[in-house]
RNA sequence: GCGCCCAUAGCUCAAUCGGAUAGAGCGACAGCCUUCUAAGCUGUAGGUUUCAGGUUCGAUUCCUGAUGGGCGCACCA
């Protein structure tokens with residue numbers, strides 16, 4: 339029984355009597371409680387068509403709806419012509435029973451059951467540890483992958499990297515220089531080298547093992563050692579954050595399979611590329627017609643090496659061919675223009691882009707003591723993601739990165755995140771969960787039979803705080819739907835805040851365990867269990883833990 | 001210079017495909033622990049949603065322009 343479908347069907351048939359056929363009945367949940375539980379703007383939308391004024395038309399519609407019925411206690415016209423529906427408390431009591439029955443599955447949807455999704459994110463080349471600049475994307479992808487799974491998708495988590503490009507050579511040269519410096523302090527460090535401490539660490543490990551035997555061996559050993567160290571570091575950080583990628587896709591495999599060459603030939607055949615100054619250019623200015631200032635871009639350098647664009651295009655074609663129903667990329671705002679060029683190339687080769695969606699997130703400013711923390715790549719010690727996790731904890735970091743809409747700049751207040759107190763918004767949610775767990779533990783002592791009591795009278799739940807808590811718990815699946823279709827996990831957090839708030843209010847006004855009134859205690863304990871379920875399921879989506887004690 | 005994104009309470013941010021009296025947290029002020037977790041609850045103060053127009057029953061949301069901030073404009077990725 340879904341109340342929205344119920345009301346929607348009623349409105350549809352009432353409109354049909356007036357000669358209006360429509361499939362799109364917009365129903366929303368009014369912010370203000372006095373405006374009912376569900377509201378529709380249908381009368382305002384169709385009054386003109388019916389040759390009537392909105393309020394009059396609304397009155398007429400209500401008269402033909404056949405209410406009250408077993409779920410709807412009443413409907414009234416309000417404001418400019420809204421129809422506000424009031425839902426019976428028993429509907430929400432039924433929902434409560436449903437939450438308890440579904441438990442860990444409550445909120446899981448089957449709208450995308452049988453479909454597959456591919457989410458590619460992080461995808462940093464193995465030239466160093468992940469730094470805090472990668473944090474938002476890392477956390478966001480984790481939550482979005484969860485969100486997709488909750489709507490029924492089978493999700494492939496993928497990491498794309500290139501260990502053959504210029505960046506890796508730079509790493510190799512940097513490690514080599516640090517290695518030489520161990521026994522030749524005057525050995526010059528490359529100007530564009532990676533100056534992080536970890537490079538010295540890698541060099542030190544090589545020296546430990548081979549002493550100075552590697553001086554004349556070339557870059558290969560240094561590159562391998564660097565890549566291995568960096569990937570271990572990256573995987574370690576990802577694991578700490580609870581992320582395991584199913585596929586690590588190496589760009590090199592695209593060369594080995596000949597697909598890069600094929601794409602290049604196809605571009606030429608289609609007249610989309612040309613040679614100039616010994617390089618091969620893609621006619622991006624033609625492919626991106628709606629972008630006036632688009633310029634042609636180099637896809638193969640005069641040295642014969644492709645730029646990142648070409649393999650990126652081929653990589654996306656590979657993902658399309660793998661047959662996913664949804665292909666998601668997550669990029670920072672600094673890639674906003676470049677991904678468009680890549681997709682334009684894919685489209686130029688005749689592929690359909692409709693399965694591909696791109697999530698862009700804005701940059702993060704880390705603030706400490708009221709001042710922005712500098713994140714310059716030139717600095718010897720960048721703030722690594724691991725250090726951030728050490729400083730504020732995994733849950734807090736995950737929460738802070740995900741709590742805001744991706745499309746706005748994020749200010750990450752390190753002092754606030756470190757704070758183990760009521761100032762920290764993570765704890766507000768986790769505290770509600772821990773508090774419920776405490777009560778349930780107490781109940782096992784005081785009323786151990788509650789677990790096995792078969793007939794629980796939910797009609798005893800009638801206090802205003804109990805009703806509004808039941809109401810908020812009942813919309814969790816709708817929130818998951820909305821968050822998933824917008825790909826915005828922060829909507830879950832906003833919702834969980836309401837759940838926690840409603841729970842705390844309920845707690846303060848209603849004693850749960852009361853030996854004088856066991857029947858009510860049983861019902862309230864069930865309400866606690868349902869609240870715990872929703873909080874825990876929500877935490878799972880956004881990727882934080884559900885502590886039993888705090 | 002050009003392109004994209006953003007602008008909401010003192011601060012950090014919400015606001016359901018355009019909906020009703022724009023909401024939270026922090027900070028400020030005033031209360032609530034001999035009873036299940038006070039990391040909690042209750043109350044007060046705080047707004048011309050940057051500005052100027054436009055579209056309509058109705059705009060924080062859509063359009064135009066201005067102002068301010070972020071990001072990008074490589075034969076780096």
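In this note's numbering, the protein residues as written are 339 to 888.
All residues carry an ideal CB built from backbone N, CA and C; glycine is no exception.
Check	Outcome
Stretch pair the region 457-474 + the region 799-811: three plus CB contacts closer than 8 Å	no
6 Å CB neighbourhood of residue 348 in its chain, flanking five on each side removed	403
C-beta atoms of residue 851 and residue 801 nearer than 8 Å	no
Local Cβ density within 10 Å of residue 355, reported as buried at 16 or more and exposed below that	exposed
Cα-Cα separation between residue 385 and residue 378, rounded to whole angstroms	13 Å
Contact between the region 406-425 and the region 388-396 (3+ Cβ pairs under 8 Å)	yes
Backbone secondary structure at residue 644 - three-state DSSP	strand
3-residue-minimum beta strand (DSSP E) runs that sit fully inside the region 479-537, ordered along the chain	492-499
Inter-residue spacing [alpha-carbon to alpha-carbon] between residue 528 and residue 583	33 Å
Under 8 Å between C-beta atoms of residue 752 and residue 733	no
Beta-carbon proximity check, residue 381 vs residue 358, cutoff 8 Å	no
Spatial distance of residue 427 from residue 375 (CA atoms)	11 Å
Sub-8 Å separation of residue 623 and residue 614 beta-carbons	no
Helix, strand or coil at residue 667 [DSSP, three-state]	strand
Contacts around residue 819, its chain only, beta-carbon distance under 8 Å, and the 5 residues preceding and following it disregarded	447, 449, 489
DSSP state of residue 684 mapped onto helix, strand, coil	helix
Buried or exposed by the 16-neighbour rule on C-beta atoms within 10 Å, applied to residue 343	exposed
Beta-carbon proximity of residue 620 to residue 607, cut-off 8 Å	no
Cα-Cα separation between residue 768 and residue 888, rounded to whole angstroms	8 Å
Where residue 782 falls, given that 16 or more other Cβ within 10 Å makes a residue buried	exposed
Contact under 8 Å by Cβ, residue 866 with residue 777	yes
Entirely enclosed alpha helix (DSSP H) segments - the region 396-438, minimum 4 residues	none
Helix, strand or coil at residue 619 according to DSSP, with G and I counted as helix	strand
Among 640, 482, 702, 554, the one whose alpha carbon lies nearest that of residue 880	482
Buried/exposed call for residue 553, threshold 16 Cβ in 10 Å	exposed
Residues that residue 469 bridges to, as DSSP identifies them	722
Three-state secondary structure assigned by DSSP to residue 786	helix
Cα-Cα separation, residue 345 to residue 872	25 Å
Expected contact under 8 Å - CB spacing of residue 650 and residue 696 to nearest Å	The Cβ separation is near 12 Å, so there is no contact.
Exposure of residue 747, with buried meaning 16 or more beta-carbon neighbours within 10 Å	exposed
The region 580-596 / the region 495-504 touching (three or more Cβ pairs under 8 Å)	yes
Boundaries of the alpha helix (DSSP H) in which residue 575 is found, first to last residue	558-578
Nearest neighbour of residue 474, chosen from 737, 874, 560, 637 [CA to CA]	737
Where residue 716 falls, given that 16 or more other Cβ within 10 Å makes a residue buried	Any reading at residue 716 must be qualified, since the residue scores a pLDDT of 46, below 50, and its modelled position is unreliable; no value is offered.
Separation of residue 775 from residue 601, as counted between CA atoms	58 Å
Supposed contact pair residue 468 and residue 723 - C-beta distance, whole angstroms, cut 8 Å	4 Å
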